[in-house]
Structures are given as structure tokens and as C-alpha cells.
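Numbering (my numbering), first residue to last: 3 to 595.
Yeah, the Cβ is synthetic: ideal placement off N, Cα and C, and Gly gets one too.
These numbers come from a predicted model, not from an experiment.
One structure is given here, and the rest of the page talks about it.
Written out as C-alpha cells, the structure is:
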């Protein structure tokens with residue numbers, strides 16, 4: 003079979019999307035006039051941030067072979083996109099930046115590829131940069147995967163050096179797909195999106211059999227029936243074709259209007275000759291939970307439709323409806339990390355035009371109540387009164403930190419400050435330089451917010467991080483309320499370790515003092531545990547100069563006007579006209595530590 007299916011995997015920013023551009027250009031898949039940088043990064047957000055968020059398939063033809071490429075993200079928050087792509091291919095290009103060497107996500111993605119028994123082709127990229135050290139990087143790769151030096155390709159996605167060699171090596175070393183075109187048809191769904199005209203469009207890898215336009219199909223997992231209205235290839239836009247057969251990667255539109263009927267990891271098969279379902283994917287576990295509520299209460303239905311469409315395109319997003327007394331109807335959503343949360347928030351606002359309030363993110367805690375019942379808590383509102391809690395447990399993660407040896411002390415000090423537990427250290431050698439991989443265990447809540455930034459500071463930008471969920475451990479957790487103008491703000495309530503509550507309270511009231519607008523009356527900002535205030539700040543009232551029109555005369559006239567102003571402000575507070583609107587930037591400032 004003259005087909006090769008492969009992915010590009012690497013750490014974030016090691017040049018995957020630029021190399022994909024060169025492939026598309028060299029194989030003539032995209033005309034020169036249509037070519038632009040990071041062509042496969044089709045979302046505005048991806049282009050602005052310069053990162054890949056979504057996997058993107060593309061079919062190329064080269065020297066009589068069909069090459070199906072899937073470009074993948076590099077950030078730890080989007081590793082689920084990578085794991086799904088790997089299940090659809092037989093080969094993987096392992097890309098390593100010649101200026102930075104092997105990083106934490108390089109290792110994580112390499113292990114994912116080895117688990118799937120893919121043929122791994124190592125490439126040292128960005129050799130055109132002045133700071134490049136290709137020989138040193140090659141030595142690191144040889145020590146890591148034990149390959150001979152001649153197996154490593156040196157290339158530059160920017161200038162195109164070595165790109166033809168990479169394509170030829172894929173043809174030579176990646177195995178062709180297995181599968182029988184005449185066997186009962188099976189297609190694995192690895193991604194999907196919603197089209198206003200065609201309904202749900204599934205990105206698929208055909209494992210066995212053949213699919214044609216007009217075929218009646220069944221989605222095995224959801225039992226949804228459909229008739230193929232359109233099918234074809236990604237080049238990288240959709241190009242219709244008469245049929246898809248074993249080994250192909252393409253798309254199938256079966257007229258599904260129900261978004262929930264098409265699930266990533268499900269199998270599509272022909273209704274007349276049903277086949278067994280394929281293995282699919284491991285169910286993803288969200289790490290971070292936050293409430294998402296529409297600012298306008300009557301926007302809930304639009305928010306629900308928008309969440310459905312984003313979930314179709316982002317299989318790692320999970321959500322369920324919830325009601326909050328202060329914020330109305332909304333959703334409790336689960337994410338893989340804070341960047342994931344930020345991207346979903348921006349997509350809701352940009353692609354669907356919905357203004358939302360996002361509550362402070364928290365991890366999922368487990369609680370054993372005094373009655374012996376075990377419950378999972380995903381938000382501060384669900385937290386029971388302390389008298390009902392026998393024991394609380396918080397999630398811990400296994401963390402791998404890759405850092406040059408000279409920053410070892412600073413990085414270890416940082417992890418200890420964040421309640422980390424040391425496991426062991428490994429070393430990667432290249433020439434005279436040694437880099438260390440530190441293995442730690444750390445509470446997930448500790449690394450959620452600003453740990454990554456602090457790690458970059460401690461290592462002058464050189465350290466990289468990867469983490470995965472380990473288990474739950476006992477913890478002392480308390481619910482901290484935030485009061486503005488003596489009214490609790492539900493969206494700012496948070497769950498914190500007991501011994502950090504005071505510091506966290508001080509931090510939040512300080513941030514709110516600097517971000518909340520001044521009011522006509524003095525504004526109290528407080529953090530409280532139960533009924534006890536643990537931190538407080540005040541914002542002084544805006545004062546109109548009511549005595550401006552007076553000149554000379556008796557001082558009692560001046561006092562009378564000031565007294566009247568004071569009474570007005572007091573009445574404003576008493577009658578509830580002193581309600582404070584909390585701007586989105588204040589929520590964001592609290593989120594970002």
C-alpha cells in the first residue's frame with residue numbers, strides 16, 4: 003500500500019507547524035499564492051498566540067506515495083489531542099529544537115508514541131539559527147532513544163534544508179497501514195467539528211473496509227444512524243472524493259444534526275454489514291474545574307449550544323449544568339489546565355459572541371463525610387460545613403522537570419516551597435554538559451496557577467515541565483469566602499489549604515483593591531473563613547466637591563453640605579443601591595495570581 007500516515011510531535015514551539023508548511027509547499031499540496039505561515043493553524047487564537055491548539059490533518063502526494071500528516075499541539079494542556087492523533091497513524095516525527103535540546107514534552111510525547119509502537123523518526127530542527135547546537139542535540143537524542151547517529155535527520159523548517167530527506171525517510175521507515183479494503187468497514191473518529199450546512203463532520207482513520215457516498219452507516223457507541231452525504235480528504239481544506247478505504251485518513255459527513263451523536267474515539271461502520279467497535283481512547287480526566295455563567299441570564303441557551311460545538315471540536319472539555327444563587331444558570335466545566343480554560347473562554351467570547359463570568363478554578367477534592375458517605379467536590383459552593391467532614395483528600399500529580407544542572411538548586415527550592423516531594427533525579431548527557439530530569443510529586447492545586455512562570459524565572463527560562471495525575475492524598479482544606487461591600491461574591495469563593503488561607507486571603511483583597519473601580523461610598527473588601535475575617539482592605543469613596551460653589555462666608559454652611567453628602571452615602575449603602583459590579587478584569591487578575 004503506497005500510503006504513509008504520520009504525526010509530528012515535539013515540545014511547544016520546536017517548529018512543528020513551520021515544518022508542516024514546508025511539507026505542504028514541497029509536495030505542491032497548497033498553491034504558492036495560498037501559502038501563508040502556520041497554514042494548518044486555522045484558528046485566529048492559534049495564529050495570535052503562535053501555538054497549535056487543535057490537531058490538523060493534511061493529505062500530500064510525493065513520489066507516487068500518499069502521505070497523511072497530522073500536526074499536533076505541544077503544550078501539556080493539549081496532550082489529549084496528541085494521544086488521539088497517535089492512534090490514527092503508524093509513524094511519528096520526533097522534532098527537537100537545535101537551540102533548546104530535549105524538553106519535558108519531548109519526553110512525554112515520545113513515550114506516548116513508543117506506547118503505540120509507532121516508528122519514531124528523530125529530526126533536529128532549526129539548524130539555521132545562530133544559537134543552534136545540532137551535534138549536541140543529536141547526542142542527547144542518541145542517549146535517549148539509543149538510535150545510531152545516521153538515523154537522525156538535520157533540518158530547518160524555515161529554510162527548507164533537509165525537508166526532502168524527511169519525506170523520503172517517512173516513505174522508507176514508516177510502515178504502511180494494515181487493513182483490508184474488503185473486510186467489514188471500521189472508521190475511527192479522532193476529531194470532529196460542526197458545519198452549519200452538513201451538520202457534524204467527523205475526521206476519521208479508516209481501519210478496514212470501504213465507505214462510499216450514500217452508504218447507510220451507524221455510529222457504534224451512540225447507536226446513531228446516518229447516511230453519508232459527503233466524504234473525502236483534508237488537503238488541508240476538505241476535498242470531496244468518491245470513496246475512503248482501509249489506510250486512508252479523511253472526513254465523513256453523515257447528516258448528523260445531534261452533536262452528542264458523534265463522539266471522539268467512536269467507530270463508524272456500515273449498517274448492512276456491522277463490524278466490531280475499535281478500541282477507541284482512554285477516557286480523559288479533567289484536572290481543573292470552573293463555573294461558566296452567561297453575564298446576561300437569558301443567554302443560557304446560546305451558551306449551551308456554544309459549549310456543545312466547542313466540545314465537539316475539543317474532546318477534552320467536559321461540562322454539566324449547574325445553578326448558582328448569585329450567577330443564575332450556567333455550567334460547571336472540567337479542563338486539562340489553565341491554558342485550556344483560557345482558550346475555551348476566549349473561543350466562547352470570540353466565535354460565539356457570548357459574555358461570560360468564569361469562577362475561580364479549583365481541582366476536584368474527595369471528601370469522606372462523618373456519615374461515612376464519599377463525595378467528590380468540584381466547586382466551593384458544594385463544600386459542606388466543616389462539622390460534616392471526617393476527612394478531605396486532594397489530587398497529587400507526578401511532575402517531571404527538565405533543567406540544566408546549574409539551576410538544580412533554585413528549581414528544587416521552588417518545588418519544596420510548593421509542597422513538592424522529591425522522588426529521584428536522572429541525567430541526560432551531551433558532551434561536557436549535563437541536564438537533569440527531576441521527578442517530584444506535588445499537589446495539583448499548587449502547580450495550577452503560577453508555578454510554571456516561577457519555574458521559568460528560577461531557571462532563566464531553560465526548565466520545562468510535564469505532569470500527569472497520580473492519586474488522591476489526605477489534606478486540610480478550607481473554604482474561603484470573599485466579601486465586597488459586605489456581600490459574599492460567589493464567583494470568587496475558593497478552596498485552599500488551611501495553612502495557606504491567610505496568605506491567599508491577603509493576596510486576593512490586595513488584587514481587588516487595585517482592580518475594582520472606586521464607588522460613591524467607601525468599599526470594604528474582606529476574605530473570611532466561616533464567620534472569621536482573615537484579611538481586609540478598603541477603597542475610599544469618590545467624593546464630589548460639594549463645597550466648590552461656596553466662597554467665603556460661614557463655615558457651618560460648608561459643614562452642612564458635607565454632612566448631607568455623608569448621609570446620602572450611608573442611605574445608599576442601607577438601601578442596597580451600593581451594589582458593586584465586579585468587572586471581568588478583576589476576576590482574571592485573581593485567576594492569574
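Out of the options, state which residue places its alpha-carbon closest to the alpha-carbon of residue i.
| i | options | result |
| --- | --- | --- |
| residue 99 | 382, 164, 145 and 14 | 14 |
| residue 388 | 286, 296 and 481 | 481 |
| residue 12 | 124, 29, 86 and 4 | 124 |
| residue 517 | 423, 447, 591 and 281 | 591 |
| residue 186 | 261, 278, 237 and 118 | 278 |
| residue 459 | 412, 271, 109 and 525 | 412 |
| residue 86 | 315, 511 and 495 | 315 |
| residue 351 | 369, 362, 309 and 196 | 309 |
| residue 317 | 329, 338 and 302 | 338 |
| residue 470 | 462, 455, 442 and 487 | 442 |
| residue 472 | 521, 402, 153 and 461 | 402 |
| residue 454 | 71, 19, 106 and 66 | 106 |
| residue 321 | 236, 330, 290 and 298 | 290 |
| residue 183 | 297, 111 and 249 | 249 |
| residue 256 | 372, 504, 213 and 448 | 213 |
| residue 165 | 91, 22, 270 and 380 | 22 |
| residue 380 | 113, 371 and 364 | 364 |
| residue 235 | 408, 493, 63 and 266 | 63 |
| residue 176 | 332, 71 and 29 | 71 |
| residue 162 | 332, 18, 280 and 396 | 18 |
| residue 57 | 172, 4 and 191 | 191 |
What is the residue span of the beta strand (DSSP E) that residue i lies within?
| i | result |
| --- | --- |
| residue 523 | Where residue 523 is concerned, there is no enclosing beta strand (DSSP E), given that its DSSP letter is neither H nor E. |
| residue 205 | 201-210 |
| residue 336 | 330-337 |
| residue 291 | 290-296 |
| residue 367 | 367-371 |
| residue 104 | Counting along the chain, residue 104 falls outside any beta strand (DSSP E), and DSSP gives it neither H nor E. |
| residue 162 | That residue, residue 162, is in no beta strand (DSSP E); it is neither H nor E in DSSP. |
| residue 343 | Run containing residue 343: none in the beta strand (DSSP E); it sits in the alpha helix (DSSP H), 340-353. |
| residue 359 | 358-360 |
| residue 499 | 496-499 |
Would you kindly report the start and end of the unbroken alpha helix (DSSP H) that includes residue i?
| i | result |
| --- | --- |
| residue 539 | Not the alpha helix (DSSP H): residue 539 falls in the beta strand (DSSP E), residues 534-541. |
| residue 457 | 453-460 |
| residue 307 | 302-315 |
| residue 144 | 136-147 |
| residue 508 | 503-517 |
| residue 18 | 18-28 |
| residue 411 | 410-419 |
| residue 325 | No alpha helix (DSSP H) contains residue 325, which is instead part of the beta strand (DSSP E) from 320-326. |
Would you mind giving the Cβ-Cβ distance between residue i and residue j, rounded to the nearest angstrom? I have them listed as a contact below 8 Å.
| i | j | result |
| --- | --- | --- |
| residue 220 | residue 273 | 5 Å |
| residue 258 | residue 211 | In fact, because the Cβ distance is near 20 Å, the residues do not count as touching under 8 Å. |
| residue 127 | residue 16 | 6 Å |
| residue 515 | residue 541 | 6 Å |
| residue 382 | residue 497 | 5 Å |
| residue 8 | residue 93 | 4 Å |
| residue 477 | residue 394 | 5 Å |
| residue 10 | residue 97 | 6 Å |
| residue 294 | residue 349 | Incorrect: roughly 12 Å between the Cβ atoms, too far for contact. |
| residue 101 | residue 131 | 5 Å |
| residue 345 | residue 304 | In fact, because the Cβ distance is near 19 Å, the residues do not count as touching under 8 Å. |
| residue 437 | residue 406 | 5 Å |
| residue 399 | residue 444 | 6 Å |
| residue 206 | residue 254 | 5 Å |
| residue 232 | residue 215 | 7 Å |
| residue 446 | residue 397 | 4 Å |
| residue 2 | residue 487 | This structure does not reach residue 2, given that the chain is present from 3 up to 595, and the question cannot be answered. |
| residue 520 | residue 543 | 7 Å |
On the DSSP bridge assignment, give the partners of residue i in chain order.
| i | result |
| --- | --- |
| residue 9 | 72 and 94 |
| residue 173 | Beta-bridge pairing links residue 173 to no other residue. |
| residue 489 | 486 |
| residue 269 | 190 |
| residue 398 | 445 and 473 |
| residue 385 | None; residue 385 has no bridge partner. |
| residue 62 | 69 |
| residue 404 | 439 and 466 |
| residue 234 | 242 and 253 |
| residue 376 | 370 |
| residue 119 | Bridge partners of residue 119: none, in fact. |
| residue 196 | 202 |
| residue 228 | 219 |
| residue 262 | None; residue 262 has no bridge partner. |
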